[in-house]
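Colleague:
Protein chains: 2
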Amino acid sequence: MELKIYGLKLGEIKENDNIPEIICQYAEKQIGGLREKDIIVITSKIVSKARGYIFKEIIPSKRAIKLSKFTGKPLKLLEAIIRNSKNILAIIPLKKILEDSKFPEEFTQDRESAIELLNEESCIIIAETKDGRLATDAGVDMSNVPNDFFIYPPPDPDKEASRIREEIKRILGIDVAVIISDTEVNMYRYGSTDIAIGASGIEPVSRCFASLDRYGKRKFGGVDIIVDEIASAAALLMGQTSEGIPVVVIRGLDYKLSDKGVKDIVIERKFIRKGLILTMLETILYRIYSVFV
Amino acid sequence: MELKIYGLKLGEIKENDNIPEIICQYAEKQIGGLREKDIIVITSKIVSKARGYIFKEIIPSKRAIKLSKFTGKPLKLLEAIIRNSKNILAIIPLKKILEDSKFPEEFTQDRESAIELLNEESCIIIAETKDGRLATDAGVDMSNVPNDFFIYPPPDPDKEASRIREEIKRILGIDVAVIISDTEVNMYRYGSTDIAIGASGIEPVSRCFASLDRYGKRKFGGVDIIVDEIASAAALLMGQTSEGIPVVVIRGLDYKLSDKGVKDIVIERKFIRKGLILTMLETILYRIYSVFV
Chain G
68 MELKIYGLKL
78 GEIKENDNIP
88 EIICQYAEKQ
98 IGGLREKDII
108 VITSKIVSKA
118 RGYIFKEIIP
128 SKRAIKLSKF
138 TGKPLKLLEA
148 IIRNSKNILA
158 IIPLKKILED
168 SKFPEEFTQD
178 RESAIELLNE
188 ESCIIIAETK
198 DGRLATDAGV
208 DMSNVPNDFF
218 IYPPPDPDKE
228 ASRIREEIKR
238 ILGIDVAVII
248 SDTEVNMYRY
258 GSTDIAIGAS
268 GIEPVSRCFA
278 SLDRYGKRKF
288 GGVDIIVDEI
298 ASAAALLMGQ
308 TSEGIPVVVI
318 RGLDYKLSDK
328 GVKDIVIERK
338 FIRKGLILTM
348 LETILYRIYS
358 VFV
Chain X
68 MELKIYGLKL
78 GEIKENDNIP
88 EIICQYAEKQ
98 IGGLREKDII
108 VITSKIVSKA
118 RGYIFKEIIP
128 SKRAIKLSKF
138 TGKPLKLLEA
148 IIRNSKNILA
158 IIPLKKILED
168 SKFPEEFTQD
178 RESAIELLNE
188 ESCIIIAETK
198 DGRLATDAGV
208 DMSNVPNDFF
218 IYPPPDPDKE
228 ASRIREEIKR
238 ILGIDVAVII
248 SDTEVNMYRY
258 GSTDIAIGAS
268 GIEPVSRCFA
278 SLDRYGKRKF
288 GGVDIIVDEI
298 ASAAALLMGQ
308 TSEGIPVVVI
318 RGLDYKLSDK
328 GVKDIVIERK
338 FIRKGLILTM
348 LETILYRIYS
358 VFV
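Here the protein sequences come in this chain order: G and X. As numbered in my numbering, residues 68 to 360 make up the first sequence, in order. As numbered in my numbering, residues 68 to 360 make up the second sequence, in order.
1) Cβ atoms of X:Leu75 and X:Gln97: under 7 Å apart, would you say?
2) Would you call the CB atoms of X:Ile149 and X:Val314 closer than 7 Å?
3) Bridge partners of G:Val272, per DSSP?
4) Anyone know if the C-beta pair for X:Pro222 and X:Asp249 falls short of 7 Å?
5) State the Cα-Cα distance for the pair G:Asp291 and X:Ser259, rounded to the nearest angstrom.
6) Which residues, in chain order, does the segment 333-346 of chain X contribute to contact with chain G at a C-beta distance below 8 Å?
7) Buried or exposed, going by whether 16 or more other CB atoms sit within 10 Å of the CB of G:Glu82?
8) Count the other CB atoms within 10 Å of the CB of G:Asp326; is the residue buried (16 or more) or exposed (fewer)?
9) Excluding the 5 residues flanking X:Thr203 on each side, which residues of the same chain have their C-beta closer than 6 Å to its C-beta?
10) Quick one: give me the first and last residue of the alpha helix (DSSP H) that G:Glu233 is part of.
11) Return the Cβ separation of G:Ile125 and G:Ala94 in integer angstroms, given the expectation that the two are a contact with Cβ distance under 8 Å.
12) What does DSSP give as the partner residues of X:Ala194 in its beta bridges?
13) Kindly say whether X:Thr260, judged by its beta-carbon, lies nearer than 7 Å to any beta-carbon of chain G.
14) How is the beta strand (DSSP E) around X:Leu324 delimited, first residue to last?
15) Determine, using beta carbons only, whether X:Pro224 comes closer than 7 Å to chain G.
16) Check the DSSP bridge columns for X:Tyr73 and list the partner residues they point to.
17) Can you tell me which of X:Gly199, X:Leu201, X:Ile164 puts its alpha carbon nearest to the alpha carbon of X:Leu185?
18) Does the segment 336-354 of chain G come into contact with the segment 152-170 of chain X, if we say contact requires no fewer than three beta-carbon pairs (one atom in each stretch) closer than 8 Å?
19) Output the residue ranges of the alpha helix (DSSP H) runs that lie fully inside the segment 112-155 of chain G and measure 4 residues or longer, sorted by chain position.
20) Among residues of its own chain, excluding the 5 on either side of X:Ala244, which ones have a beta-carbon nearer than 6 Å to its beta-carbon?
21) Quick check on G:Asp208: does DSSP put it in helix, strand or coil?
22) Would you verify that the beta carbon of G:Ala263 is, or is not, closer than 7 Å to some beta carbon of chain X?
23) According to DSSP, is X:Ile243 helix, strand or coil?
24) If you check the beta carbons only, do X:Asp215 and X:Lys143 fall under 7 Å apart?
25) State the start and end residues of the unbroken beta strand (DSSP E) segment that holds G:Ser267.
26) Which residues in chain X sit within 8 Å of G:Leu324, going by Cβ to Cβ distance?
27) Does DSSP put G:Arg336 in a helix, a strand or coil?
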């Protein structure tokens, strides 16, 4: 059993660039071409750049001004977040939380810089994006673009993945799977990993909940989020080299073809809310029960 | 830029088996041997099996009986969870939450089986394990072991990783990185991915928070959890083939040597609690502020 993971070094992507064509060309030059059943992982940033999902020099609204007064976060960033959100769900006061933690010392190359940045951006906003996901700062990103430019993730990443897959089929006559990836913070660890926000041509999860194990017992589990694992694997090449590898090709994985997208595995907001409330209640009840029974 | 990921097919691991020796042998046979700077990902389950981290036919305590009355979860499983916990932090009433959701239909191969299993195990317990991580059911696992046997994760996975790394160094004279992986549920998606619970010989995260981007702006982010991304990449080979691949070798990744472990990147419980409370307060305040100001 063997997988190969190739990073494609592309040039800077500009608006109206044809991503599928560029991928086919660079794959030809750098890895001898794409093959049937390859999985192509593409960072959402270049999809957004090519498709023009960019807010350019935006003027803040009243709501952004309000939110900026409350959070102290940069005004134009807030306007971009608002424009890319259906709902602002929570505000995480990062600076306050990390007081007395080892974060500034341990996770940065320059402690002073980190503290200054935490002063400028003292909180993280959790928002529901236009495509119904939860995302930090609504997925809006301002790194590696000019000042006052804000990139936002594709409004329908499954559709972008499907479009790119179709186009590659047209150009090369082969069927590949396409995953659009993005970086998201982790709840239990200091840091972030890449996840899939869009997919086409691959079953996003293994549907093995309650399958029988070798001893004939039903397995409580067995739903691997394959597309997230693929996005994470790709990030190993995308993330550590300082830019220049926005596309990764994974070869050799035996996956199931599917027309489902990432949309189908996202827990809907109502279940997250219901889950949080019921979990809090159940936990409080249990504490009371443990004391008195 | 190219990574290779090899799955090693091992036989059934038994108590007192020498994992490092077995890995060296099977790597020799199946992939022509290990090399300097290879990353070896090992599922925690075989480490636990070899080291005897197994509760065998345990007798439930009064506390387990109490908890079982409250949660309806199997008695012996609860005893195993209690034995492997420092604290029970939350109870997630999964069955209630997933009522009216698409879960039983969409994520299983057999709807009836799934519903029956959700009736038997209607909730998930979030506990702090002995090594200070948050884990579903305290990391206790009963699949693919005989009835009434419960496997628990190594009490100090960083140390197990380091022990295996040292042993491979002794046998082959080369330095590899070792990661112990486990499966954990995801909060935003229906399913689970693999994470690193122990590591040795590799910097667990890239420490680039507040580094400058190409436009000279400080990057809010840049802390990739490399060890989790590696565990996820390995899971692509471990998870989908029906067992038999508990060890994966990753070759070609340019990583930094380090003696830090996973312990160093886990957010301490006090910050998680502080984070949750401050986030709730900040969010409520913001809602009030938005209405009145």
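Cβ coordinates follow ideal geometry from the N, Cα and C atoms, glycine included. These numbers were taken from a predicted model, which means no experiment stands behind them.
Modeller: Based on what the coordinates show:
1) yes
2) no
3) DSSP output for G:Val272 lists G:Ile292 as bridge partner(s).
4) no
5) A straight-line Cα-Cα distance of about 5 Å links G:Asp291 and X:Ser259.
6) Val333, Ile334, Glu335, Phe338, Ile339, Lys341, Gly342, Leu345, Thr346
7) exposed
8) exposed
9) Ile191, Val252
10) 224-239
11) For G:Ile125 against G:Ala94, the beta-carbon gap comes to about 36 Å, at or over 8 Å, which does not count as contact.
12) X:Ile155, X:Ala202
13) yes
14) Premise fails: X:Leu324 is in no beta strand (DSSP E) and is neither H nor E.
15) no
16) G:Glu69, X:Val316
17) X:Ile164
18) Because the criterion of three Cβ pairs below 8 Å is met, the segment 336-354 of chain G and the segment 152-170 of chain X touch.
19) Here the runs fully enclosed are 129-138, 142-150.
20) Ile106, Gly268, Ile269
21) strand
22) For G:Ala263, the answer is no, since every Cβ of chain X falls outside 7 Å of its Cβ.
23) Going by the sequence as given, residue 243 of chain X is Val instead of Ile. Three-state DSSP puts X:Val243 in coil, outside helix and strand.
24) For X:Asp215 and X:Lys143, yes; Cβs fall inside 7 Å.
25) Counting along the chain, the beta strand (DSSP E) containing G:Ser267 begins and ends at 259-267.
26) Those do not exist, as G:Leu324 stays about 14 Å from chain X at its closest Cβ, beyond 8 Å.
27) helix
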